[in-house]
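Residues 4 to 332 in the numbering used here are what the sequence shown spells out, letter by letter. Using N, Cα and C, we set each Cβ at its ideal position, and we do this for glycine too. In this text, all values refer to a predicted model and were calculated from it rather than measured experimentally. Following: one structure in structure tokens, then a few remarks.
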Amino acid sequence: MEYRFTLLGARSSGKSTWLAMLYDGLARGEVRRFRRAAKQPGDRKAWEQLVTAVREGRYASRTPDVGAFPQLHLEVTGGWREDTRVMLEASDYLGEELERNFSRSDHAWTDAWERRANADAFILVVRPTHIDELPQIPAPTEEEMRKVRALFPGRLFEMTEQSENESLIPTDISPQFLPPAAPRSEAPRGTPPTLLMLVEMLQMIRSRRGWAIGERPENVRVAVVLSAWDAVQSSVARSGPDRYLREKLPLLYDFVWSNFDPSNFRAFGLSATGGDLDDERFRRAFTSRTEALSSVVWTASGDDCRYDDDLSLPFAWAMAGDIVLDSRS
Ligand SMILES: Nc1nc2c(ncn2[C@@H]2O[C@H](COP(=O)(O)OP(=O)(O)OP(=O)(O)O)[C@@H](O)[C@H]2O)c(=O)[nH]1
Ligand SMILES: [Mg+2]
Numbered sequence: 004m005e006y007r008f009t010l011l012g013a014r015s016s017g018k019s020t021w022l023a024m025l026y027d028g029l030a031r032g033e034v035r036r037f038r039r040a041a042k043q044p045g046d047r048k049a050w051e052q053l054v055t056a057v058r059e060g061r062y063a064s065r066t067p068d069v070g071a072f073p074q075l076h077l078e079v080t081g082g083w084r085e086d087t088r089v090m091l092e093a094s095d096y097l098g099e100e101l102e103r104n105f106s107r108s109d110h111a112w113t114d115a116w117e118r119r120a121n122a123d124a125f126i127l128v129v130r131p132t133h134i135d136e137l138p139q140i141p142a143p144t145e146e147e148m149r150k151v152r153a154l155f156p157g158r159l160f161e162m163t164e165q166s167e168n169e170s171l172i173p174t175d176i177s178p179q180f181l182p183p184a185a186p187r188s189e190a191p192r193g194t195p196p197t198l199l200m201l202v203e204m205l206q207m208i209r210s211r212r213g214w215a216i217g218e219r220p221e222n223v224r225v226a227v228v229l230s231a232w233d234a235v236q237s238s239v240a241r242s243g244p245d246r247y248l249r250e251k252l253p254l255l256y257d258f259v260w261s262n263f264d265p266s267n268f269r270a271f272g273l274s275a276t277g278g279d280l281d282d283e284r285f286r287r288a289f290t291s292r293t294e295a296l297s298s299v300v301w302t303a304s305g306d307d308c309r310y311d312d313d314l315s316l317p318f319a320w321a322m323a324g325d326i327v328l329d330s331r332s
């Protein structure tokens, strides 16, 4: 059986690092749900290129514009799925390709994207600490607040006891999940907001697949992988990836929830390297590690999280669903 996944992720979202650590993890015996099949398609060069940097304890440079299409034959281990042969075709492309598709949808659709659109499952890779934000509604000015106060004197009397800006935000959202006061963007001017791009790509894929608006296709799983989870503020990370997605990335959450079967949709926090390789102390710990430092986290219920150190877990989940979360095979 050939099972194909498409990773959808903007520039620097963590696609290559995850694939590289997965490949290296297979060699190091840190991946438990798959093993490499004896017979491999093509040559190993594309994978070796991908993996060299992390083996040296650094992040790879950006994926070249021509992309890379490493293929890997895997076999399922641990009996969580009956058919045991899997072709992992994890095309690794430069994040800007997504931007091109976003801004010139009629010109940029290539054969490679057509192939990706026909994948069995979609894995959206988002790096929470590297999101080009949607434009934010600015906080009300003093003048606006004065007018509102005049209109609702009783209510505002209570509200002025707190910070005025906080008082306009629904109280059922905990403060740690509030958007940053000012939109932060390291990207060059004109870079489209990350989440809009992902939603637009999903819309294009849906249209290629002939899925009507709001139609929830059967047996198509969508995983949202929040990469570099180790870099997320620990008080926020503790509440787990489901809550993060719902409260921090509501546009993406709402779109996926309403266009795909909610039981075929799940969020993961994923730390491919387990820490920041640009931090010299961590880098030393990483290069001398004797066991996996990677981790995958998912929400079991409420804010209750479960962890696993096997980076193949989101792939296994995309193939077989929640059953793989129960078995620590
Ligand atoms: N702390 C931490 N940082 C990570 C991790 N994975 C990726 N990063 C950071 O994210 C950056 C981008 O990761 P890449 O894997 O190159 O991202 P990409 O999606 O392949 O990006 P392009 O090829 O440029 O489109 C890296 O240079 C790291 O700084 C992780 O597990 N932990
Ligand atoms: Mg890359």
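Continuous alpha helix (DSSP H) stretch holding residue i: start and end
i             : result
arginine 211  : 197 to 212
glycine 243   : 243 to 251
aspartate 325 : Segment: none, aspartate 325 is in no alpha helix (DSSP H) and carries neither H nor E.
arginine 287  : 283 to 290
alanine 240   : 237 to 240
Rounded C-alpha distance that separates residue i from residue j
i              : j                 : result
leucine 296    : arginine 152      : 53 Å
arginine 58    : aspartate 27      : 8 Å
proline 143    : valine 202        : 29 Å
alanine 323    : tryptophan 232    : 24 Å
threonine 174  : phenylalanine 271 : Here threonine 174 scores only 46 on pLDDT, less than 50, and its place in the model is too uncertain to base an answer on.
glycine 17     : proline 196       : 17 Å
valine 129     : leucine 252       : 10 Å
glutamate 99   : alanine 288       : 32 Å
valine 341     : leucine 154       : This structure does not reach residue 341, given that the chain is present from 4 up to 332, and the question cannot be answered.
asparagine 168 : glutamate 145     : At asparagine 168, the pLDDT of 45 sits below 50, so the modelled position is not reliable and the matter cannot be decided from this model.
alanine 23     : methionine 148    : 52 Å
tyrosine 256   : methionine 204    : 15 Å
arginine 14    : aspartate 325     : 29 Å
Cβ pair residue i, residue j closer than 9 Å
i              : j                 : result
valine 34      : serine 210        : no
isoleucine 140 : leucine 11        : no
arginine 219   : phenylalanine 263 : yes
valine 223     : leucine 229       : no
alanine 319    : arginine 39       : no
arginine 61    : arginine 286      : yes
alanine 124    : phenylalanine 8   : yes
leucine 53     : alanine 41        : no
glutamate 78   : phenylalanine 37  : yes
proline 131    : tyrosine 310      : no
Residue i: first and last residue of the uninterrupted beta strand (DSSP E) it sits in
i                 : result
alanine 303       : 298 to 304
phenylalanine 268 : 268 to 274
serine 230        : 224 to 230
tyrosine 310      : 307 to 311
Closer than 8 Å: residue i CB and nearest ligand 4 heavy atom
i           : result
arginine 65 : Looking at this structure, you won't find ligand 4 anywhere; what it does contain is ligand 1 and ligand 2.
Short CB-CB distance (under 9 Å) between residue i and chain B
i            : result
glutamate 33 : As a matter of chain content, chain B is missing from the structure shown, which is built from one protein chain.
Pick out the complete alpha helix (DSSP H) segments inside the region 11 to 61, 4 residues or longer, and give them in chain order.
18 to 31 and 48 to 58
Runs of beta strand (DSSP E) wholly within the region 70 to 154 (minimum 3 residues, chain order):
74 to 79, 88 to 92 and 124 to 129
Taking three-plus beta-carbon pairs below 8 Å as touching, is the region 236 to 256 in contact with the region 301 to 308?
yes
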